[in-house]
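In order, the protein sequence lines correspond to chains A and B. Under numbering that gives the first Met the number 0, the first sequence has 98 at position 99, and the numbering climbs by one with no breaks. Under numbering that gives the first Met the number 0, the second sequence has 74 at position 75, and the numbering climbs by one with no breaks. The structure appears right after this line, and notes come after that.
Number of protein chains: 2
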Amino acid sequence: MPHPIERPIARALMEATLNAYAERINAGDAAGVLALFAPDAVIEDPIGSPPRSGADLGPWFADTVAFGTRITPVAPIRGSHGDEALLVFDVEFTPPGSPRLRIRSADAFRLDADGRILSLRAFWGPDDMAPA
Amino acid sequence: MPHPIERPIARALMEATLNAYAERINAGDAAGVLALFAPDAVIEDPIGSPPRSGADLGPWFADTVAFGTRITPVAPIRGSHGDEALLVFDVEFTPPGSPRLRIRSADAFRLDADGRILSLRAFWGPDDMAPA
């Protein structure tokens with residue numbers, strides 16, 4: 000295994016942002032979630048779907064909160080030797096007209112030097128979703 | 000949450016490759032691990048270190064096996080709606096002259112339509128490594 004190359008972002012700052020992301024979603028704080036993102040941030044959730052950015056992010060997190068989304072981490076945060084970190088979790092939510100669902104998911108984040116989210120890519124496929 | 004877009008790779012094929020990756024490393028089968036990769040595959044382990052490819056992969060996995068590497072998955076595999084999947088695990092290994100170490104890690108794979116690995120990017124940072 001190679002030695003560390005560089006640490007452009009403090010690990011504590013990475014973890015603070017990822018934990019705040021989960022906590023603010025769970026608290027129904029859509030504005031607080033949005034404030035964690037850089038202005039030009041891009042969300043690909045799930046990986047393989049069209050990326051969202053800019054004015055699309057507000058409605059995205061308004062829906063997230065309206066669906067009663069609850070995130071439960073299932074493993075400690077993984078960092079990197081770069082500007083990326085990973086949050087592994089199960090998530091429950093209730094879309095309109097649907098029973099409550101659970102997805103086994105993991106969000107891969109890229110952060111700037113201030114700990115703001117530059118990109119979020121969500122690992123989950125059709126087989127990772129089931130009734131809660 | 001959006002609906003599925005496409006499924007270019009069968010989930011079962013994704014999982015077979017990722018499980019074989021862990022099983023062959025744990026079995027000390029360096030040639031078998033290497034056979035899971037496409038000829039032009041790229042490994043970035045950890046994320047933030049220089050990518051390896053081509054003739055560098057053989058020695059990489061020879062070292063992996065020589066270090067007594069053992070992978071223990073800690074969550075079910077996560078897929079995607081594209082060609083990517085995620086293996087979340089703890090890994091123990093003993094580099095030369097070192098005590099045995101444990102890393103909290105996660106490997107993000109991109110696969111081709113035949114289930115061969117095109118890229119592997121490993122999420123782990125300095126703070127994810129400790130004595131085993």
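Just so it is clear, CB atoms sit at the ideal spot from N, CA and C, and this is done for glycine as well. Note that the structure is a prediction, hence the values are computed from the model and not measured.
Identification of residues in the stretch 70-90 of chain B having a C-beta nearer than 8 Å to some C-beta of chain A yields V73, A74, P75, R77, G78, S79, H80, G81, D82, E83, A84, L85, V87, given in sequence order.
Neighbours of A/I46 in chain B, taken as residues at a C-beta separation under 7 Å, are given in chain order as S79, H80, G81, E83. In this structure, A/N25 keeps its C-beta atom at 7 Å or more from the C-beta atom of A/I76. Here the alpha carbons of B/D127 and A/Y20 stand approximately 20 Å from one another.
When B/E83, B/D39, B/E22 are compared, the shortest CA-CA separation from B/I8 is found for B/E83. Annotation: B/A40 is outside any alpha helix (DSSP H); the continuous beta strand (DSSP E) that includes it extends over 36-43. From the listed residues B/W123, B/P94, B/T93, the smallest Cα separation to B/R103 is found for B/W123.
With the criterion set as a beta carbon lying under 9 Å from some beta carbon of chain A, the members of the stretch 91-118 of chain B are F92, P94, L100, I102, R103, S104, A105, A107, in sequence order.
Burial is judged here by how many other beta carbons sit within 10 angstroms of a residue's own beta carbon; B/D44 has at least 16 and is buried.
Taking a contact to require three or more Cβ pairs closer than 8 Å, the stretch 26-44 of chain B and the stretch 106-123 of chain A do not qualify as touching. Rounded to whole angstroms, the gap between the alpha carbons of B/L86 and B/P72 is 7 Å. By the beta-carbon neighbour count (other beta carbons within 10 angstroms, threshold 16), B/A54 is exposed.
For B/S48, the number of other beta carbons within 10 angstroms of its own is at least 16, and it is reported as buried.
Per DSSP, reduced to three states, the secondary structure at B/P72 is strand.
Within the same chain, and ignoring the five residues on either side of B/F88 in sequence, the residues whose Cβ sits closer than 8 Å to its Cβ are A21, I70, T71, P72, V73, S104, A105, D106. The alpha-carbon separation between A/R101 and A/F92 amounts to approximately 7 Å.
A straight-line Cα-Cα distance of about 32 Å links B/L110 and A/A11.
According to the DSSP assignment, B/P130 belongs to no alpha helix (DSSP H) but to the beta strand (DSSP E) extending over 128-130.
For B/R23, there are no neighbours in chain A by C-beta distance under 7 Å, as the nearest C-beta there is about 18 Å away. For B/F60, the uninterrupted alpha helix (DSSP H) segment begins and ends at 56-65. The beta carbons of A/A15 and A/S118 sit about 18 Å from each other, so the pair does not count as a contact at 8 Å. Among the residues facing chain B, A/R51 is not included, as its CB has no counterpart in that chain under 7 Å away. Exposure of B/A129 is indicated by the presence of fewer than 16 other C-beta atoms within 10 angstroms of its C-beta. Distance from B/G78 to B/M13 at the Cβ level is roughly 6 Å; contact confirmed, criterion being Cβ atoms closer than 8 Å. Cβ-Cβ distances below 8 Å link A/D28 to V64 in the same chain, with the five nearest sequence neighbours on each side left out; the list follows chain order.
Per the coordinates, the alpha-carbon of A/I42 lies some 14 Å from the alpha-carbon of A/A61. Sequence-distant partners of B/S52 (beyond 5 residues in either direction) whose C-beta falls short of 8 Å from its own C-beta, in its chain, are D39, A40, V41, I42.
In its chain, beyond the 5 residues on either side, G31, V32 have a beta carbon closer than 6 Å to the beta carbon of B/R23.
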